[in-house]
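Visitor: So the sequence shown is numbered by full-length UniProt numbering: it starts at 15 and just counts up by one.
Ideal placement from N, C-alpha and C gives every residue a C-beta, glycine not left out.
One structure, as structure tokens, below. Some questions next.
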Amino acid sequence: VIDDRLRYFKPHASKIEKTFAEEIFFSLNRCCKFIHPKFFYDKKGSDLFEKICTLPEYYPTKTEIEILKQLQDELPPYLDKTFRVVELGSGASVKTRIILDIFTKLCGHVEYFPIDISEILTESSENLLKDYEHLHITGIIDTYEGGLEFLKNYDDKKNLILFLGSSFGNFSPMDGHEFLQKINSTMKPGDLFLIGLDLVKDKQILESAYDDSQGVTAEFNLNILSRINDELDADFNLNNFSHHSLYNESDQRIEMYLKSLVNQSVVISKSNLLLNLKKDELIHTEYSHKYRLSQIRKLLDDVGFEIKHTWLDDKNHFSLTLVSK
Ligand code: AVI
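As structure tokens, this is what we get:
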């Protein structure tokens, strides 16, 4: 407890630390190599992602903010004073603030539960407290699944669960379906869920959003190797890799890879792994799925959600959908 308006829970701390070395062993000791995108977000990675959100080519953040501004008038009819805000991912960002402003106006005070695996949660929570006098924060430092488990049966208060930024698009379709089921089973009758999803659009717009002219996305992608070097005692030479991304039209997703530029061997001590990579071999790091409105309806419908409203921007680039159980 930092002050009486801020407290943290770390329900599964030891489990989080143990699995990084094990997961890296599992995902790199195979022919189709991958690194799970959740490992992007150490302090440096989270800062780089914040920077991506401000890039001219990266339209999702700006567009979602534009839609959230519409919600200032259009969300309150779905709310009452008994709601708290639960956010998957911790934002001190403009987006979180727009929602907190809506609640402050409606209730006079706000109870906010951010759930995030990254310790950046503590920094963003402290920043929010400085600006919101009547804000109470319970920060849950855990995976989304762990945090949702913690929230289940926590109390009788109604939750508005936020999952913004099209982070859902980073799941595989199967994991995404399971995740929505998990959210649905966490929710009590009366709870609401607001999800931001990126929409299918022109290939050119999509590809430049994930391969920007300043090279920030490349740095973000490569930083995952620095993180493995630092935390798992590895010797990746970042100069021997390049950022590689493309839009796969049939699967409606951006695919991001790290390409090995030479034949090379890398030691990852804490994973007990000697990694051999061929020239041009790819390590998959991220999918970012894009959706059509009919697919969003089906996705949410299949899990048993009732759609209350979908909001779009002027160009139909991004969507926000509010559902109940
Ligand atoms: C966090 N997530 C929604 C981002 C996205 O657009 O898929 C991550 C990202 N990867 C590269 N740029 C941004």
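I need the straight-line Cα distance from Lys292 to Ser222, nearest angstrom please.
Guide: By one-based count along the sequence shown, residue 292 stands at place 278. By one-based count along the sequence shown, residue 222 stands at place 208. Cα-Cα distance, rounded: 27 Å.
Visitor: What alpha helix (DSSP H) runs, 4 residues minimum, are completely inside the stretch 176 to 246?
Guide: As far as the stretch 176 to 246 is concerned, its whole alpha helix (DSSP H) runs of at least 4 residues are 187 to 200, 217 to 223, 230 to 246.
Visitor: How is the beta strand (DSSP E) around Tyr72 delimited, first residue to last?
Guide: Taking the sequence shown and counting its residues from 1, one reaches residue 72 at position 58. No beta strand (DSSP E) holds Tyr72; DSSP gives it neither H nor E.
Visitor: On the DSSP letters alone, give me the boundaries of the alpha helix (DSSP H) that Arg311 sits inside.
Guide: As a working note, residue 311 is residue 297 in the sequence shown. 307 to 316 is the extent of the alpha helix (DSSP H) around Arg311.
Visitor: Does the distance between the C-beta of Glu221 and the nearest non-hydrogen atom of the ligand AVI fall short of 8 Å?
Guide: For the purposes of this step, residue 221 is taken as the residue at position 207 of the sequence shown. It does not: the Cβ of Glu221 is nowhere closer than 8 Å to a heavy atom of the ligand AVI.
Visitor: Excluding five sequence neighbours on each side, which residues of the same chain lie with their C-beta closer than 8 Å to the C-beta of Tyr305?
Guide: For this step, residue 305 is matched to residue 291 along the sequence shown. If we look at Tyr305 and ignore the five residues flanking it on each side, its Cβ neighbours are Gly183, Leu211, Asp212, Leu213, Val214, Gln266, Leu313, Ser333.
Visitor: Reducing DSSP to helix, strand and coil, say where Glu147 ends up.
Guide: In the sequence shown, the residue the question calls residue 147 occupies position 133. The answer is coil: DSSP assigns Glu147 none of H, G, I, E or B.
Visitor: In chain order, what residues of the same chain lie with their CB nearer than 6 Å to the CB of Thr324, ignoring the 5 residues before and after it?
Guide: Here residue 324 refers to the residue found at position 310 of the sequence shown. Excluding sequence neighbours, Thr324 sits near Ser333, Thr335.
Visitor: Under three-state DSSP, which class holds Ser338?
Guide: Translated into the one-based positions of the sequence shown, residue 338 becomes position 324. Correct three-state label for Ser338: strand.
Visitor: Do the CB positions of Tyr22 and Gly153 come within less than 9 Å of each other?
Guide: Indexing the sequence shown from 1 puts residue 22 at position 8. Indexing the sequence shown from 1 puts residue 153 at position 139. Their beta carbons are under 9 Å apart, which means Tyr22 touches Gly153 by this criterion.
Visitor: Based on Cα-Cα distance, which residue from Asn167, Glu80, Phe63, Cys46 lies nearest to Lys329?
Guide: The residue labelled residue 329 in the question sits at position 315 within the sequence shown. Taking only the C-alpha atoms, the option nearest Lys329 is Glu80.
Visitor: May I ask you to report which of helix, strand or coil DSSP gives Asn330?
Guide: Looking up residue 330 in the sequence shown gives position 316. Looking at Asn330 - three-state DSSP - the assignment turns out to be coil, as it is neither helix nor strand.
Visitor: Are the beta-carbon atoms of Lys47 and Glu233 separated by less than 9 Å?
Guide: Within the sequence shown, the letter at position 33 stands for residue 47. Within the sequence shown, the letter at position 219 stands for residue 233. No.
Visitor: Going by the C-beta, is Pro128 closer than 8 Å to any heavy atom of the ligand AVI?
Guide: Along the sequence shown, read from residue 1 onward, the residue named residue 128 stands at position 114. False, no ligand heavy atom lies under 8 Å from that Cβ.
Visitor: Three or more beta-carbon pairs under 8 Å between the stretch 59 to 71 and the stretch 228 to 243, yes or no?
Guide: These segments touch.
Visitor: Let me check understanding here. Comparing Cα to Cα, which of Ile113, Arg111, Leu120 lies closest to Asp94?
Guide: By 1-based counting over the sequence shown, the position of residue 94 is 80. Residue Leu120 is the option with its Cα nearest to Asp94.
Visitor: Which residues in the same chain as Glu159 place their Cβ atom closer than 8 Å to its Cβ, once the five residues preceding and following it in sequence are excluded?
Guide: Along the sequence shown, one-based indexing puts residue 159 at 145. Only Phe193, Lys196 meet the Cβ criterion.
Visitor: With DSSP run on the structure shown, which of helix, strand or coil describes Leu289?
Guide: If you number the sequence shown from 1, residue 289 lands on position 275. If DSSP states are grouped into helix, strand and coil, Leu289 belongs with the strands.
Visitor: For the ligand AVI, is there any heavy atom lying closer than 8 Å to the beta carbon of Gly183?
Guide: Working through the sequence shown from its first residue, we reach residue 183 at position 169. Yes, since a heavy atom of the ligand AVI falls inside the 8 Å radius drawn around the Cβ of Gly183.
Visitor: Run through the DSSP bridge pairs and tell me what Ala248 is partnered with.
Guide: The sequence position of residue 248 within the sequence shown is 234, counting from 1. Its beta-bridge partners are Ile282.
Visitor: If you draw a straight line from the alpha carbon of Ile321 to that of Arg311, how long is it in whole angstroms?
Guide: As a first step, residue 321 must be located in the sequence shown, where it is residue number 307. As a first step, residue 311 must be located in the sequence shown, where it is residue number 297. Between Ile321 and Arg311, the C-alpha separation is close to 8 Å.
Visitor: Is it the case that the CB of Glu300 approaches a heavy atom of the ligand AVI more closely than 8 Å?
Guide: Residue mapping note: residue 300 aligns to position 286 of the sequence shown, counting from 1. Yes, since a heavy atom of the ligand AVI falls inside the 8 Å radius drawn around the Cβ of Glu300.
Visitor: Considering Cα atoms alone, identify which of Asn43, Leu162, Lys24, Gln218 is closest to Val281.
Guide: Within the sequence shown, numbered from 1, the residue matching residue 281 stands at position 267. Among Asn43, Leu162, Lys24, Gln218, the Cα nearest to that of Val281 belongs to Asn43.
Visitor: Taking the runs of the alpha helix (DSSP H) that are 4 residues or longer, which of them lie wholly in the stretch 46 to 106?
Guide: Correct list: 57 to 67, 73 to 88.
Visitor: Is it a yes or a no for the stretch 138 to 151 touching the stretch 159 to 168, going by three-plus beta-carbon pairs under 8 Å?
Guide: Output reads no: the stretch 159 to 168 does not touch the stretch 138 to 151.
Visitor: Starting from Thr157, follow the beta strand (DSSP E) in both directions and report where the run begins and ends.
Guide: The residue labelled residue 157 in the question sits at position 143 within the sequence shown. Segment: none, Thr157 is in no beta strand (DSSP E) and carries neither H nor E.
Visitor: According to DSSP, simplified to helix, strand and coil, what is Asp115?
Guide: In the sequence shown, the residue the question calls residue 115 occupies position 101. In this structure, Asp115 counts as helix in the three-state DSSP scheme.
Visitor: Could you name the residues of the same chain whose beta carbon sits closer than 7 Å to that of Leu62, not counting the 5 residues immediately before and after it, in chain order?
Guide: Here the question's residue 62 lines up with position 48 in the sequence shown. Hits under 7 Å: Val230, Glu233, Phe234, Asn237.
Visitor: Hey, out of Lys109, Lys58, Lys171, Asn253, whose CA is closest to Met201's CA?
Guide: Taking the sequence shown and counting its residues from 1, one reaches residue 201 at position 187. It is Lys171.
Visitor: Along the chain, where does the beta strand (DSSP E) containing Val124 start, and where does it finish?
Guide: As a position in the sequence shown, residue 124 is number 110, starting the count at 1. It spans 124 to 130 - the beta strand (DSSP E) in which Val124 sits, taken as one unbroken run.
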